[in-house]
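Engineer: With our numbering applied, the sequence shown covers 24 to 112.
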Amino acid sequence: MRTTITLDPDVDRMIKEEMRRSGITFRQVVNQAIRNALAGKTAPRCRPFKLKPRRLSLRPGIDPVMLQHLEEEFEVESFLRKTRKLTKS
C-alpha cells in the first residue's frame with residue numbers, strides 16, 4: 024500500500040540514522056518501527072559490557088620531566104600566537 028505521511032524533523036532524523044546504522048531502506052525502517060510500536064515491542068537491549076581498568080603509564084624511554092617542558096613550550100607558543108593576533112587587530 025502506498026501512502027503519504029508528513030514526518031516531524033526529529034522523526035526524519037531518527038529514520039535516516041537507523042537507515043545508516045542498519046543498512047536497510049526507508050520503507051523497511053518505517054514498517055519495522057510501526058510493527059514494533061503496534062505490537063508494543065521496545066527496542067532490543069544490548070548486552071551490558073564491563074570495562075577492565077588498566078594501569079596507565081608512559082612508555083619506556085619517555086622522560087616525564089622533558090614531556091612537561093615540551094608541554095610548557097607549546098603553551099608559551101600558543102599564548103604568543105594569540106597575543107600577536109590581538110595586537111595586529
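Virtual Cβ for every residue (Gly too), placed ideally from N, Cα, C. Values in this document were obtained by computation on a predicted structure and should not be read as measured data.
#1: Helix, strand or coil: how does DSSP classify R38 here?
#2: Nearest CA to the CA of S80: which residue from R50, L90 and M42?
#3: Could you give the first and the last residue of the continuous alpha helix (DSSP H) run that contains L103?
#4: Taking the CB atoms as reference points, tell me whether V34 and M42 lie closer together than 8 Å.
Structural biologist: Per the coordinate set shown:
#1: Here residue 38 refers to the residue found at position 15 of the sequence shown. It is worth fixing the name first, because residue 38 is Ile in this sequence and not Arg. Helix, per DSSP.
#2: Counted from its first residue, the sequence shown places residue 80 at position 57. Of the listed residues, the one whose Cα sits closest to S80 is L90.
#3: The residue you call residue 103 lines up with position 80 of the sequence shown. Run containing L103: P87 to K111, per the alpha helix (DSSP H) assignment.
#4: Along the sequence shown, read from residue 1 onward, the residue named residue 34 stands at position 11. Along the sequence shown, read from residue 1 onward, the residue named residue 42 stands at position 19. No, the Cβ-Cβ distance between V34 and M42 is not below 8 Å.
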